[in-house]
Structure formats: C-alpha cells, structure tokens
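Quick note, this note's numbering runs 2 ahead of the 1-based positions in the sequence shown.
Each residue gets a CB set at the ideal place from its N, CA and C atoms; glycine is no exception.
Encoded as structure tokens, the structure appears first; notes follow it.
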Amino acid sequence: MLYVGLDIHCKSIAICALDENGKVYGRWTVRQLDQLMRRLGQLPRPLHICFEASTGYGVYFEMLTEVAEHVAVAHPGQLRWIFRSKQKNDRRDAEKLAKLLYLGEVPCVHVPSPEVRAWRELITFRHRLVEKRTRAKNGIRGLLRSLVIRPPQPAGLWTRRGIAWLKQLTFGHRLYALRRDVLLEQIENLTRQLSRVEAELARYSSASVAVTLLRSIPGVGLRTAEAVAAFIDDPRRFRDAKCLGAYFGLVPKQDQSSQTNRLGHITREGSATVRHLLTEAVWQAVRRSPTVKACLKRIQRDDPGRRKIAIVATAHYLIRVMWAMLKKQTTWCETEAT
Numbered sequence: 003m004l005y006v007g008l009d010i011h012c013k014s015i016a017i018c019a020l021d022e023n024g025k026v027y028g029r030w031t032v033r034q035l036d037q038l039m040r041r042l043g044q045l046p047r048p049l050h051i052c053f054e055a056s057t058g059y060g061v062y063f064e065m066l067t068e069v070a071e072h073v074a075v076a077h078p079g080q081l082r083w084i085f086r087s088k089q090k091n092d093r094r095d096a097e098k099l100a101k102l103l104y105l106g107e108v109p110c111v112h113v114p115s116p117e118v119r120a121w122r123e124l125i126t127f128r129h130r131l132v133e134k135r136t137r138a139k140n141g142i143r144g145l146l147r148s149l150v151i152r153p154p155q156p157a158g159l160w161t162r163r164g165i166a167w168l169k170q171l172t173f174g175h176r177l178y179a180l181r182r183d184v185l186l187e188q189i190e191n192l193t194r195q196l197s198r199v200e201a202e203l204a205r206y207s208s209a210s211v212a213v214t215l216l217r218s219i220p221g222v223g224l225r226t227a228e229a230v231a232a233f234i235d236d237p238r239r240f241r242d243a244k245c246l247g248a249y250f251g252l253v254p255k256q257d258q259s260s261q262t263n264r265l266g267h268i269t270r271e272g273s274a275t276v277r278h279l280l281t282e283a284v285w286q287a288v289r290r291s292p293t294v295k296a297c298l299k300r301i302q303r304d305d306p307g308r309r310k311i312a313i314v315a316t317a318h319y320l321i322r323v324m325w326a327m328l329k330k331q332t333t334w335c336e337t338e339a340t
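Structure below.
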C-alpha cells in the first residue's frame with residue numbers, strides 16, 4: 003500500500019509516495035494531468051491519495067478515484083496551521099500531505115457530485131450577474147446625482163417608464179449621454195442574461211424536494227432555497243446544527259486565552275452568496291413570521307445599536323432550522339403565537 007500526496011498547480015504537480023511504514027517510496031514532478039495519471043498507473047496497488055482542494059478539485063477527485071482505493075481532499079484553510087514552516091515548497095507540501103494521509107489526520111472536505119457542483123456554480127454566477135447589474139444601476143444614479151438631476155419617480159427608475167425617461171433625458175454635454183447609454187446597455191444585457199440563468203435554475207430547482215421544503219419558510223424565496231439546498235447538499239454530512247454556522251461563516255472570530263475571551267466579526271468562510279441571500283431572507287421573514295420576528299427581538303434587546311448583530315444572528319438561527327428541516331424532511335412550523 004502506498005500513501006500519495008499531490009501538490010497540484012496549473013503548471014506542475016509534485017508527487018510524494020510513502021510506503022506502508024511511512025518511508026518515502028518516491029518523488030516525482032509532472033507538468034500535465036495525463037502524465038500524472040501515467041505515473042500513478044505505474045505505482046503498485048492499492049493507492050491512497052490526498053491533495054488540497056482548489057479550483058477544479060472535483061475533476062481531479064473523479065479522475066483519481068478511478069486509480070486509487072481512497073482519495074482524500076484536504077481543507078486548505080485547516081492546512082494553513084498544519085503547514086506553518088519557514089521552508090515551504092511543492093515537494094515538502096506533497097510530502098506533508100502524504101504524511102497526514104498516512105497518519106489518518108487529513109482535514110477532509112465534502113466533494114459534491116458533478117451535478118451539484120454545476121448547480122452551485124450557476125447559482126454563484128447568477129449572484130455575480132446581479133452584482134454587475136447593481137453596479138451599473140448605481141452608476142446611473144451617480145451620474146444623475148452629479149448633475150443634480152432628480153428622477154420623477156426615484157422608486158420606479160428601473161420600470162419601463164423610468165427606463166424610457168432615462169433614454170429621453172438630455173444632457174449639457176454629449177460625454178454624459180454616452181456614459182448613460184453605455185450603462186443602460188449594460189443593464190439591459192445583464193437583465194436578459196439573468197432571465198436565461200434564472201429560467202434554467204427554476205427548471206432545475208422544480209425537481210428538488212429540498213427546495214420545496216425550504217420555501218415553506220415565510221420570507222424564503224426560490225433563490226435562497228435553491229442556494230441553501232445546493233450548498234448543504236447532504237445534511238447528514240454535518241455532525242450537528244452548530245456546524246452550519248461555521249460552514250457558512252456566520253460565527254464570530256474568537257481569541258480566547260485563560261480568562262480573556264475576545265469575539266470579533268464573523269469569519270465569512272464558505273459561500274458569500276448564501277450569506278447574502280440568507281440576510282435578505284431574514285429581512286423578509288421578520289415581516290412574515292412571528293417566530294423569526296421573536297428571535298430577532300430577543301437578540302436585539304430593544305437596542306437599535308444591535309440591529310446588525312441581530313440580523314446576522316437570526317440568519318445563523320435560520321440556517322440551523324433549514325438544516326433540521328432538510329434532515330428530518332419536514333416543512334416549516336411556527337412556534338410563536340400569531
């Protein structure tokens with residue numbers, strides 16, 4: 003049996019293999035994926051392989067599974083404190099991964115199926131399109147503000163009537179008009195692209211039982227439900243509800259020593275898209291659900307200065323409830339009297 007550590011980069015892949023006694027069996031460096039597969043094919047079986055999660059980790063996992071008895075994908079964030087060293091290079095990193103694998107101490111990540119990975123990436127892609135469109139809209143607002151032009155209906159600037167007003171607006175200099183035209187073209191193009199992406203997401207999510215369950219929560223729409231369902235994937239992979247907050251970066255940073263315990267801002271690990279959608283869902287759920295509203299009030303303690311803290315903490319509460327609903331396959335149930 004060999005324990006193989008791989009340090010994978012775009013232009014090179016460092017390989018280190020340990021034998022069953024933990025001694026170095028061999029070291030190699032290859033440049034292409036096909037060269038890696040040929041080299042692994044020449045090694046004696048069985049193989050246990052470990053590599054660090056990065057871009058394309060799902061493709062590597064599937065290919066390596068075909069030649070290895072076990073493939074472990076290491077969590078890069080948890081490897082930082084393991085790999086602290088003043089002498090760091092690809093060969094050493096590959097050897098350290100092999101040693102962690104030999105000792106059974108690899109901090110593994112969950113590798114979703116290719117279908118779920120594609121679902122996640124399209125959800126994130128949609129979120130980035132929305133951000134691009136928002137920047138373009140803010141550019142229009144900034145242009146109007148710089149020229150002291152007040153729209154007739156600020157709340158309806160992006161309706162058909164508002165867009166028509168923007169297109170007919172005259173400026174004192176043609177450069178301002180060019181800026182307006184380019185920003186409007188960006189908004190229109192991004193809106194069409196968003197329509198295509200959201201239509202495909204809606205078709206895909208319509209067959210998901212998890213999305214249907216999560217949409218039973220007041221204030222949780224299709225976009226939030228599909229994002230949470232996609233990134234949780236299998237709820238059984240989490241030990242308990244507390245793990246959800248850490249996974250989505252909703253727990254505070256902590257620096258504790260002896261009697262001193264400092265709590266900072268949230269860690270912001272995991273998907274920023276899910277955190278953003280969860281926060282939006284909280285604002286809607288507070289208006290529609292007595293249970294969520296009571297949770298926010300209990301955390302806020304009638305202190306306006308704790309409003310943001312209460313929103314984030316309520317999002318943490320909501321994701322834990324969502325996990326429990328997916329695990330038990332149940333719909334939302336109000337616990338506060340209406």
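| task | Taking V108 and A76 to be in contact with their CB atoms under 8 Å, please state how far apart those CB atoms are, rounded to whole angstroms. | result | Locating residue 108 in the sequence shown gives position 106, where the first residue counts as 1. Locating residue 76 in the sequence shown gives position 74, where the first residue counts as 1. The Cβ separation is near 5 Å, so the contact holds.
| message | If contacts are defined as beta-carbon pairs under 8 Å, then T333 and V284 qualify, I think. What distance do you get, rounded to the angstrom? | response | Stepping through the sequence shown from its first residue, residue 333 is reached at position 331. Stepping through the sequence shown from its first residue, residue 284 is reached at position 282. Going by Cβ atoms, the distance from T333 to V284 rounds to 19 Å, so no, they are not a contact pair.
| query | Is DSSP giving N23 helix, strand or coil here? | reply | In the sequence shown, residue 23 corresponds to position 21, counting from 1. Looking at N23 - three-state DSSP - the assignment turns out to be coil, as it is neither helix nor strand.
| query | Three or more C-beta pairs closer than 8 Å, one from the segment 83-102 and one from the segment 15-31: is that the case here? | reply | yes
| Residue environment, G247, which counts as buried when at least 16 other CB atoms sit within 10 Å | Within the sequence shown, the letter at position 245 stands for residue 247. The residue in question, G247, is buried, as its Cβ has 16 or more Cβ neighbours within 10 Å.
| query | Cβ of L246 less than 9 Å from any chain D Cβ? | reply | Judged by its chain identifiers, the structure shown contains no chain D, having just a single protein chain.
| said: Rounded to the nearest angstrom, what separates R176 and L279 at their Cα positions? | reply: As a first step, residue 176 is located in the sequence shown; it is residue number 174 there, counting from the start. As a first step, residue 279 is located in the sequence shown; it is residue number 277 there, counting from the start. About 39 Å.
| task | To the nearest angstrom, report how far apart Y5 and D235 are at their CA atoms. | result | Translated into the one-based positions of the sequence shown, residue 5 becomes position 3. Translated into the one-based positions of the sequence shown, residue 235 becomes position 233. So the two alpha carbons sit approximately 29 Å from each other.
| Where P48 falls: helix, strand or coil (DSSP) | Taking the first residue of the sequence shown as position 1, residue 48 is located at position 46. P48: coil per DSSP, three-state reduction.
| field | 9 Å Cβ cutoff met for I10 and E68 | value | Numbered from its first residue, the sequence shown carries residue 10 at position 8. Numbered from its first residue, the sequence shown carries residue 68 at position 66. Against a cut-off of 9 Å, the Cβ pair of E68 and I10 comes out as no contact.
| Do the segment 215-232 and the segment 319-337 meet, that is, are 3 or more Cβ pairs less than 8 Å apart? | yes
| Under the three-state DSSP convention, the category L38 falls into | For the purposes of this step, residue 38 is taken as the residue at position 36 of the sequence shown. Correct three-state label for L38: helix.
| Identity of the residue in E202, L124, A19 and K139 nearest L38 by Cα | Start at 1 with the first residue of the sequence shown, and residue 38 comes out as number 36. The shortest Cα separation from L38 among E202, L124, A19 and K139 belongs to A19.
| said: Is G307 close to the ligand ADP? I mean its beta-carbon at under 8 Å from any heavy atom of the ligand. | reply: This structure simply doesn't include the ligand ADP, nor any ligand for that matter.
| Roughly how many angstroms separate the alpha carbons of A312 and G7, rounded to a whole number? | Taking the first residue of the sequence shown as position 1, residue 312 is located at position 310. Taking the first residue of the sequence shown as position 1, residue 7 is located at position 5. One C-alpha to the other measures close to 44 Å.
| message | Threshold first: 4 residues or longer. Then list the alpha helix (DSSP H) segments lying entirely within the segment 216-287, N to C. | response | 224-234 and 244-249
| said: Which of the three DSSP states is assigned to D9 in this structure? | reply: As a position in the sequence shown, residue 9 is number 7, starting the count at 1. Three-state result, D9: strand.
| From A339 to K329, what does the alpha carbon distance come to, in whole angstroms? | Your numbering for residue 339 matches position 337 in the sequence shown. Your numbering for residue 329 matches position 327 in the sequence shown. With a pLDDT of only 48 at A339, under 50, the local geometry of the prediction cannot be trusted, and the value read off the model is given with reservation. Distance between the alpha carbons of A339 and K329 is about 25 Å.
| query | Which residues bound the alpha helix (DSSP H) around V314? | reply | As a working mapping, residue 314 is identified with position 312 in the sequence shown. V314 -> alpha helix (DSSP H) spans R309 to K330.
| field | Cβ-based burial, I151 [other Cβ within 10 Å; buried from 16] | value | Reading the sequence shown from its first residue, position 149 is the one you call residue 151. Counting Cβ neighbours within 10 Å, I151 comes out exposed, since fewer than 16 surround it.
| Is the segment 191-199 close to the segment 129-136, with three or more CB pairs under 8 Å? | yes
| field | As assigned by DSSP and simplified to three states, the class of V132 | value | Looking up residue 132 in the sequence shown gives position 130. Of the three classes helix, strand and coil, the one that applies to V132 here is helix, per DSSP.
| message | Between which residues of its own chain and G314 is the CB-CB distance below 8 Å, once the five residues before and five after are set aside? | response | For the purposes of this step, residue 314 is taken as the residue at position 312 of the sequence shown. Note that residue 314 is Val in the sequence shown, not Gly. Within the same chain, V314 has close Cβ partners L252, I268 and T281.
| query | Buried or exposed: where does V73 fall if 16 or more other Cβ atoms within 10 Å of its Cβ makes it buried? | reply | By one-based count along the sequence shown, residue 73 stands at place 71. It is buried - the Cβ of V73 has at least 16 other Cβ atoms within 10 Å.
| said: Tell me the rounded alpha-carbon separation between H318 and V294. | reply: Position 316 of the sequence shown holds residue 318. Position 292 of the sequence shown holds residue 294. Straight-line Cα distance between these residues: approximately 11 Å.
| task | With DSSP as the reference, please indicate the residues paired to L4 in a beta bridge. | result | For this step, residue 4 is matched to residue 2 along the sequence shown. For L4, which the question treats as bridged, DSSP gives the partners L49.
| What residue range is occupied by the uninterrupted beta strand (DSSP E) comprising Q74? | Within the sequence shown, the letter at position 72 stands for residue 74. Here the sequence assigns Ala to residue 74, which means Gln is not the residue at that position. Residues H72 to A76.
| query | So F348 packs on V113, CB below 8 Å; how close in whole Å? | reply | Lying before the first or after the last residue shown, residue 348 is absent from the chain, which here runs from 3 to 340.
| Rounded to whole angstroms, how far is the Cβ of V230 from the Cβ of L124, which I believe are closer than 8 Å? | Reading the sequence shown from its first residue, position 228 is the one you call residue 230. Reading the sequence shown from its first residue, position 122 is the one you call residue 124. V230 to L124, Cβ: 15 Å. No contact.
| query | So is N140 buried or exposed if we call it buried at 16+ other beta carbons inside 10 Å? | reply | Residue numbering aside, residue 140 sits at position 138 when the sequence shown is read from its first letter. Exposed, by the Cβ-count rule.
| field | Among R289, A100 and M65, nearest to L81 - alpha-carbon criterion | value | As a first step, residue 81 is located in the sequence shown; it is residue number 79 there, counting from the start. For L81, the nearest C-alpha among the options comes from A100.
| said: Under DSSP, the alpha helix (DSSP H) around A204 begins and ends at which residues? | reply: Residue 204 sits at position 202 when you count from the first residue of the sequence shown. Segment R176 to S207, the alpha helix (DSSP H) holding A204.
| request: Pick helix, strand or coil for A16, following the three-state DSSP scheme. | output: Taking the first residue of the sequence shown as position 1, residue 16 is located at position 14. It is a strand residue.
| query | Taking C-beta to C-beta, are R182 and L168 nearer than 9 Å? | reply | If you number the sequence shown from 1, residue 182 lands on position 180. If you number the sequence shown from 1, residue 168 lands on position 166. Yes, the pair counts as a contact, with Cβ atoms nearer than the cut-off.
| query | Alpha carbon to alpha carbon, how far is Y249 from E271? | reply | Within the sequence shown, numbered from 1, the residue matching residue 249 stands at position 247. Within the sequence shown, numbered from 1, the residue matching residue 271 stands at position 269. Roughly 7 Å separates the two Cα atoms.
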